[in-house]
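A short worksheet on the structure shown next.
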Amino acid sequence: MPLAIAPLVAGCEREDRQYRADPPLLDARGAGRQYTLGERYLNNAYHLSQGKRLYASFNCRGCHFDGGGGIGPALMENRWIYGGTIADIVATIREGRPNGMPSFRGKITDEQIWEIAAYVLSMSGNVSSAAAPNRDDHMQGRPAENRQPTPPPPGDEAPKLLSP
Amino acid sequence: MVGPLVQSALDPHSPQGERLRDLIWIFTAVCGVVWLAVMIALAIAVWRRRASAAPEPSALERAAELRLTIIVGALVGMTAVTVLALTGLSYATQKRVLGRPLAAGMALLVTGHQWWWEVEYKDDEPARTFTTANEIHVPVGVPVTIRLRADDVIHSFWVPSLMGKEDLIPGRENSIRFTAARAGIYRGQCAEFCGAQHAHMALLVVAQEKPDFDAWRDGQIRSADDPNEPERQKGLAAFLAKPCVMCHAVRGTSAAARVGPDLTHVGSRMTLAAGTLPLSRGTLAAWLADPQGVKPGSQMPFVQLDPDELNAISAYLEGLK
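Residue numbers (the working numbering), protein chains in the order written: chain A, 1 to 164; chain B, 165 to 485.
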């Protein structure tokens, strides 16, 4: 019985919508204490689906495609060149990286960068499947984010191919 | 701010709307008569109750049975005829209003977004096409065909005084036609629940005489003028330096994104944020300062601006006539 109730409790507040960004997040632009806020983006269905919408709107697809990579590296196989925490990914988007990743600082609001970073992590199964998006507005090119298997802990062998 | 707004299916300002209004009244009248007849029959039945409280069920009176059978049979027949006649009338009207493609006239493409309307004016000459948002101008007396698409979820285009509803469905294209009979401002509203701000997804249809419409269209085709006032110049610089340009376009500048509404002539529109606020410099500043307070859940993010930038950008946008 507790096992049956646990997922229900875990699902609580998955869709708690916070439309206005936190004042601390807005105050501490670029400061270290923002990095403690990642959790609320990773387990919130609203922020993840906003991230998914922004990923398409801002044409992240142009290089990373639907997570499979192409011009830019793949985002769905849980191998990270510049670190795989949400803070690393926020830094990648905001500050850019060598070899082509542009900096979006001042172009995308910080709140939106966090949402996109959380969505990027959902592509490789790094967020709660109760909160990850489960459908596309358009045709789906791969299984939805909430069907990604939980990745092996870092340092394990090369990633397995995902079954469709 | 916008003069008298018309928004009623019972106050039509187009031939198509008039047909639909006639249909509404015919249905109401016929159903009203039927309801009245049923109520009278019921009242008579209650009033002429049985003589005895416990009649003998097997004591049938052959003549009375026959009479009742004929009456009930006739009423069933009349009900069937009424239902069929109304169905046929409804079908014929809708076929007339929706079915016949109009070759001539004006063509528009309206795309529904959460929660605003993107409007593209088509023209055979590519240089005369342009994009605007939330406000459709049409010439009086010219048939207008609007192709309807949706970007995210199902919306429904409904300008009650001009035409019935038509859904906008992701992945397919519907169309709707109307001819505005009189000049006026007709309010429309999304008529299919589409999310948190469905109620703030309005649009205006402004029907104008042909010369006024042509003047408006020529104005909209032009790119935005370069600002002359120092404050507006600062506003343009701030607009281009800030995240505004990731979503919005102002033709004539380097801002060319298509995610949010086109702002090239935003100052010429009557409302802001799809009918949420009347448009003025003050409401623009309020919208920039706290979009999630004005329209919670809207896709417009809060962007951090200093007071000077906020003032300058609102002045710049308000001047985009």
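For every residue, glycine included, the Cβ atom is placed at its ideal position computed from N, Cα and C.
Where residue i sits in the DSSP three-state scheme
i              : result
N44 (chain A)  : coil
T233 (chain B) : helix
G241 (chain B) : helix
R214 (chain B) : coil
R94 (chain A)  : helix
R17 (chain A)  : coil
T257 (chain B) : helix
C63 (chain A)  : helix
Q180 (chain B) : helix
E473 (chain B) : helix
T150 (chain A) : coil
A479 (chain B) : helix
T296 (chain B) : strand
I108 (chain A) : strand
F342 (chain B) : strand
V467 (chain B) : coil
A173 (chain B) : coil
T192 (chain B) : helix
V308 (chain B) : strand
T246 (chain B) : helix
A419 (chain B) : coil
A388 (chain B) : coil
A450 (chain B) : helix
Reference residue i; option with closest CA among the options
i              : options                           : result
H429 (chain B) : B:V423, B:K374, B:L441 and B:G416 : B:G416
D389 (chain B) : B:H364, B:K406, B:V370 and B:E482 : B:E482
T447 (chain B) : B:Q384, B:L474, B:R260 and B:G269 : B:L474
S339 (chain B) : B:D382, B:V317, B:V261 and B:L400 : B:V261
K52 (chain A)  : B:D454, B:A401, B:D316 and B:E373 : B:D316
W288 (chain B) : B:A238, B:A271, B:E330 and B:R185 : First, the residue type needs correcting, since residue 288 (chain B) is Asp and not Trp in the sequence shown. Comparing Cα-Cα distances from D288 (chain B) to each of B:A238, B:A271, B:E330 and B:R185, the minimum goes to B:A271.
R396 (chain B) : B:F321, B:G431, B:A218 and B:A297 : B:G431
S57 (chain A)  : A:Q112, A:G96, A:P151 and A:R79   : A:Q112
V423 (chain B) : A:R147, A:A132, A:N59 and A:E77   : A:N59
Residue i: contacting residues in chain A (beta-carbon distance under 8 angstroms)
i              : result
G461 (chain B) : R17 and Y19
Within chain B, the residues that residue i reaches when beta carbons sit closer than 7 angstroms
i              : result
D137 (chain A) : D316 and P334
K107 (chain A) : P407 and M410
Chain B contact residues for residue i, given Cβ-Cβ distances below 9 angstroms
i              : result
Q112 (chain A) : P407, M410 and P465
Interface partners of residue i on chain B, CB under 8 angstroms
i              : result
I116 (chain A) : Ordered by position in chain B, no residue passes the 8 angstroms Cβ test against I116 (chain A), which lies about 12 angstroms from the chain.
DSSP bridge partner residues for residue i (one or two, in chain order)
i              : result
E330 (chain B) : B:F321
Q372 (chain B) : B:P303
Q353 (chain B) : B:W322 and B:A366
T275 (chain B) : B:E282 and B:R313
L436 (chain B) : B:L441
M270 (chain B) : B:V308
A413 (chain B) : B:A420
G348 (chain B) : B:A371
Amino acids of chain A, ordered along the chain, whose beta-carbon sits closer than 7 angstroms to that of residue i
i              : result
V423 (chain B) : S57
Q456 (chain B) : Y19 and R20
Short Cβ contact (7 angstroms threshold) for residue i with residue j
i              : j              : result
G67 (chain A)  : M101 (chain A) : no
Q171 (chain B) : P324 (chain B) : yes
G352 (chain B) : A314 (chain B) : no
V370 (chain B) : I349 (chain B) : yes
P391 (chain B) : L404 (chain B) : no
D426 (chain B) : T295 (chain B) : yes
I116 (chain A) : Y46 (chain A)  : no
I310 (chain B) : I333 (chain B) : no
P303 (chain B) : G269 (chain B) : no
V120 (chain A) : I89 (chain A)  : yes
D331 (chain B) : E356 (chain B) : yes
I108 (chain A) : P455 (chain B) : no
Any chain D beta carbon closer than 7 angstroms to residue i
i              : result
S387 (chain B) : No chain D appears in the structure shown, which is made up of the protein chains A and B.
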